[in-house]
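K.L.:
Pasting a structure here, questions to come.
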Amino acid sequence: MKKYIIILLLCLLKSNVVSANGFGFELTPIPASKFEYFLKLKKSYSQPLLNEIDDLNKVLELNPERLALKGELLVINNETNEQLAQIDLMYNGFIAYYPDDRVLYFEGGHNSDVVISLDSGLELEEVPKNRIYSPNAGYRISSYYNGQAPSSLIQKNTNGIWQSVSHLTESKLPYSFFMIDRFNWISETEFIFVNFEGKFYLGEIIRK
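Under this note's numbering, the residue at position 147 of the sequence shown is numbered 282, and the numbers go up by one with no gaps.
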């Protein structure tokens with residue numbers, strides 16, 4: 136029983152279900168002039184290197200015990216050769232493998248993002264190439280498209296585990312953190328963006 140509890144916990148962590156306890160972010164509407172002011176003050180910095188492999192044959196060579204190609208089906212197995220998942224390549228076009236995260240990225244129907252963990256076989260709702268890290272890389276924003284609507288999430292690095300940070304002003308500002316554009320970190324815990332309505336926001340990560 137203990138073994139299965141540990142496996143379940145790892146799957147939850149990999150699928151971004153676990154939240155960063157004690158942390159959340161608040162949004163404040165700001166005028167366009169203040170948005171541009173913050174943008175001018177923002178210091179430039181480099182994003183972490185993203186390791187990406189876009190050759191499926193090379194990915195198969197790197198993971199011979201975990202991946203098998205059977206016709207148009209890409210099968211993911213665990214360490215004991217039990218099937219975790221299978222992806223039909225006729226309907227899901229391979230885009231990339233991210234070895235640091237051990238995830239496979241495909242384009243599904245309606246241009247949807249399909250991200251599969253090589254360790255758990257679970258589908259994740261976050262695309263590595265969409266990440267934007269804060270200046271000290273303690274936080275990041277990422278996004279995902281399910282074929283109907285995009286979603287974004289902010290995560291906190293807690294001892295090497297990325298955990299979701301909840302939106303504390305969602306009830307007061309519904310849909311404010313939706314279809315966001317021009318996202319920029321202006322400090323380690325502050326950010327600005329424009330949403331689908333063309334409204335400008337300042338965000339701050341705080342302790343609850």
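Just so you know, even glycine gets a beta-carbon here, dropped at the ideal spot from N, CA and C.
What are the start and end residues of each continuous beta strand (DSSP E) run of 3 or more residues lying completely inside the stretch 293-330, in chain order?
P.N.:
296-302, 316-320 and 325-329
K.L.:
How should G159 be labelled, buried or exposed, when 16 other C-beta atoms within 10 angstroms of its C-beta is the threshold for buried?
P.N.:
That one is buried.
K.L.:
Taking only the alpha-carbon atoms, compute the straight-line gap between S247 and D316 and give it to the nearest angstrom.
P.N.:
18 Å
K.L.:
Span of the alpha helix (DSSP H) holding S168?
P.N.:
A167 to L176
K.L.:
To which residues of the same chain is V300 closer than 7 Å at the C-beta, ignoring the five residues directly before and after it?
P.N.:
A155, F158, G159, F160, I289, Q290, K291 and I340
K.L.:
Pull up the distance between the alpha-carbon of Y336 and that of N212, whole angstroms please.
P.N.:
44 Å
K.L.:
Helix, strand or coil for E196, going by three-state DSSP, please let me know.
P.N.:
helix
K.L.:
Considering just the uninterrupted stretch of the beta strand (DSSP E) at R342, what are its terminal residues?
P.N.:
F335 to R342
K.L.:
Identify the continuous beta strand (DSSP E) that holds Q182 and give its terminal residues.
P.N.:
Careful: Q182 lies outside any beta strand (DSSP E) and carries neither H nor E.
K.L.:
So is A231 buried or exposed if we call it buried at 16+ other beta carbons inside 10 Å?
P.N.:
buried
K.L.:
Helix, strand or coil for K191? Go by DSSP, reduced to three states.
P.N.:
Just to set this straight, residue 191 is Leu in the shown sequence, not Lys. Correct three-state label for L191: helix.
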